[in-house]
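Numbering-wise, this note's numbering comes out as the position in the sequence shown, counting from 1, plus 9.
C-beta atoms are modelled at their ideal positions from N, C-alpha and C, and glycine is treated no differently.
Have a look at the structure below, then the notes.
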Amino acid sequence: MKFSNELKGTLLVLLAAVCWSINSPIVKYLTLDPFLICGLRSLIAGLALLPFLRIREIRRNRCLPLYFISYTALCLSVIVSLSLTSPAIAIGMQYTASLWIFIGTVVVTRQLLWRQFLPVLIISAGVAIFMMSGGSGDSNGTGNTIALSEGIFFALMTLSSKKVTDTNALGAVCLANLATAGVVFLLFEPARLGFAAMTPLDWILMLIMGIIQVAGGYGLFAMGVQTISAQKASLLALLEMILAPLWVALFIGTIPPILVQIGLLVVLAGLLLETLGKRRHEKIKK
């Protein structure tokens, strides 16, 4: 039974990564305002998950506002960076969350964990290479800077979600998306004015994004992480980093510049080394 639960969680997270990866080619294809895309896809996702919402099972604690704020900020930064820079950067930067968690841990505890120092150096090198690609190919400095913030928001969302999504994962994701849609449509006028320009094809693509990429992706991930470790889930989610630029290259014809490709490989190597190091440390403790 233990094996079957772990296998189920593994498959759910892998499917989540596949769902997330379709975001890049669709955003690159759409000519809609990025804020409209962000708000509408979150609204569709929230409505799609509404049947799973059970308010009484949502944990009301200090982490709930942080979860909503970080989720909204993550969605906004991903969409805006995708519209400005290379998909490899826009998607890959959110997986530098471990770097920011490490820095925050060092600041709070004032202790440097040397076993994590090498992976952090490698990840930092990958981030630097990404930033060096600022004006080349399909990337630019503004988009890269926005993408860099994704890792911070993803880290905050990951830390807070552990305190929020354990009792009603799909319900928490539903509320987070409805909150995101509310913030976007309330604060960003282009999102409210963009509906008139939408074509039938735009609506079809937005429904795909809202139901499959957001509701499906985050819903599957929230369920999968309940039966496997967070470390394993983060490793499996890296599949999105491979698939997203691939779909864009196949369907849009945009090839990431060489520096982006190198940076992606360096960040991936650092994250893999960090994950393997954590597993080795856990085995030694046992």
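> Does DSSP classify residue 266 as helix, strand or coil?
Replying inline: Coil.
> For residue 65, which three-state DSSP category applies?
Replying inline: helix
> By Cβ distance, which residues of its chain are closer than 8 Å to residue 190, with the 5 residues on each side in sequence left out?
Replying inline: Excluding its 5 nearest sequence neighbours in each direction, residue 190 has C-beta neighbours in its own chain below 8 Å: 48, 49, 51, 52, 55, listed in chain order.
> Among the residues of its own chain, which have a CB less than 8 Å from the CB of residue 179, if the five just before and after it don't count?
Replying inline: 58, 61, 62, 228, 231, 232
> How is the alpha helix (DSSP H) around residue 56 delimited, first residue to last?
Replying inline: Unbroken alpha helix (DSSP H) run through residue 56: 43 to 57.
> In whole angstroms, what is the alpha-carbon distance linking residue 133 and residue 168?
Replying inline: CA-to-CA, the gap between residue 133 and residue 168 works out to about 21 Å.
>> DSSP three-state label for residue 144, please.
In response: Here the model assigns residue 144 a pLDDT of 48, short of 50, so the residue's position is not dependable, and the following value carries that caveat. Three-state result, residue 144: coil.
> If you run the structure through DSSP and keep just helix, strand and coil, what is residue 32?
Replying inline: helix
>> Please classify residue 199 as buried or exposed, where buried requires at least 16 other C-beta atoms within 10 Å of its C-beta.
In response: Within a 10 Å sphere around the beta-carbon of residue 199 sit fewer than 16 other beta-carbons, which makes this residue exposed.
> Would DSSP call residue 211 helix, strand or coil?
Replying inline: helix
> Nearest CA to the CA of residue 150: which residue from 137, 160, 162?
Replying inline: 137
> Pick from 95, 33, 254, 128: whose alpha carbon is nearest that of residue 111?
Replying inline: 128
> Under 7 Å between the Cβ atoms of residue 159 and residue 86?
Replying inline: yes
>> With a threshold of 6 Å (Cβ to nearest heavy atom), would residue 68 be considered close to the ligand FAD?
In response: The ligand FAD is absent from the structure shown, which contains no ligand whatsoever.
>> Please give the ranges of any alpha helix (DSSP H) in the region 162 to 232, keeping only runs that are unbroken, at least 4 residues long and fully inside the region.
In response: 178 to 196, 198 to 202, 209 to 217
> Helix or strand or just coil, what does DSSP make of residue 120?
Replying inline: coil
> With a CB to CB cut of under 7 Å and the five nearest residues on each side skipped, what residues in its chain are close to residue 79?
Replying inline: Excluding sequence neighbours, residue 79 sits near 162, 165, 166, 169.
> So, is residue 29 buried or exposed, given that buried needs 16 or more other C-beta atoms within 10 angstroms?
Replying inline: buried
> Between residue 241 and residue 181, what straight-line distance do the alpha-carbon atoms span, to the nearest angstrom?
Replying inline: Residue 181 has its alpha-carbon roughly 22 Å from the corresponding atom of residue 241.
> Between which two residues does the alpha helix (DSSP H) containing residue 86 stretch?
Replying inline: 72 to 93
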